[in-house]
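One structure is given here, and the rest of the page talks about it.
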Amino acid sequence: TINLEVHYAGLGGLASIQYTPPGRFLSRTSEMEVVCYPNPFNPSISIDLNIPEGVTGYAQIFNLRGQLVSTYDSMNPGFHKLAWNATDLKGRNIAAGIYFLQINLANPDGGIHSNKLIKLVHSK
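Counting from 33, one number per residue, gives the positions in the sequence shown under the working numbering.
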């Protein structure tokens, strides 16, 4: 992790951010961890996902109209490295724009454990 401190020229203020480089192997945790890079992307995006023990998951990508564009089913606990090459379910190239990655985790009894929604930007 890198801490970066920025001093504004002559304004007397400062801001700090914390940046974690993409592509790192995610740590074991009881919470879901997701890293998407690069974002914006063209022509493909990598999705690093860590699913905690005791749950299973699946991921879906939707367009702004809420239409399903791509899906990744039946992911067990552990680290997953997914790639999306900006194609739909039929293998056709998609248009540039904003898409949403929805990740859902379920308990063994089928109940929802947690979910996460991440904005993906496809540029041309």
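Built from N, CA and C at the ideal position, the CB exists for glycine as well.
Terminal residues of the beta strand (DSSP E) in which residue i lies
i: SER146; result: 144-154
i: THR119; result: No beta strand (DSSP E) holds THR119; DSSP gives it neither H nor E.
i: SER106; result: 100-107
i: LEU96; result: That residue, LEU96, is in no beta strand (DSSP E); it is neither H nor E in DSSP.
i: ALA138; result: 129-138
i: ILE126; result: No beta strand (DSSP E) contains ILE126, which DSSP labels as neither H nor E.
Rounded separation between residue i and residue j - CA only
i: GLY143; j: GLU65; result: 19 Å
i: ILE150; j: ILE130; result: 10 Å
i: GLY55; j: ASP141; result: For GLY55, the predicted structure reports a pLDDT of 49, less than 50, and the residue's modelled location is therefore unreliable. A value from the coordinates is still provided. Each residue's Cα considered, the two are about 32 Å apart.
i: HIS112; j: PHE132; result: 18 Å
i: ALA118; j: SER76; result: 6 Å
i: ARG124; j: SER102; result: 11 Å
i: SER146; j: TYR90; result: 11 Å
Residue i burial status per 10 Å Cβ neighbour count (16 or more: buried)
i: GLY86; result: exposed
Residue-chain proximity (residue i, chain D), Cβ-Cβ < 8 Å
i: ASN71; result: No chain D appears in this structure, which consists of one protein chain only.
Whole-Å CB distance - residue i paired with residue j, under 8 Å assumed
i: ILE135; j: LYS122; result: Their Cβ separation, rounded to whole angstroms, is 23 Å, which puts ILE135 and LYS122 out of contact at 8 Å.
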